[in-house]
Amino acid sequence: MKQAIVGYHLDENADWVAELACDHFQHVRHQPPFINRPWVITEHGRNAMLGQALVCKKCDEKAPKDKV
5 MKQAIVGYHL DENADWVAEL ACDHFQHVRH QPPFINRPWV ITEHGRNAML GQALVCKKCD
65 EKAPKDKV
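Using the working numbering, the letters of the sequence shown map in sequence onto residues 5 to 72.
See below:
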């Protein structure tokens, strides 16, 4: 199920995590050649992706929300 990005935070390893409208979290790493997300490197790039949809596997699996 696709869900909009509503924010970001850094995890304990300093990797960016997208906060989705469904209250799930999803890592958004840039690790070429396997994962190509250069937009995650800059604040401008991350802000430009706010509102864009990502596939949320946690929603598909009916996982509990990551936010309290």
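Built from N, CA and C at the ideal position, the CB exists for glycine as well.
query                                                                                          : result
A18 vs Q30 beta-carbon contact at 8 angstroms                                                  : no
Residue burial classification, Q7 (beta-carbon count within 10 angstroms, cutoff 16)           : buried
Cβ-Cβ distance between V44 and A25 below 8 angstroms                                           : no
Same chain, Cβ closer than 6 angstroms to D15, five either side skipped, listed in chain order : V21
Neighbour-count burial assignment, H13, 16 or more Cβ in a 10 Å radius                         : exposed
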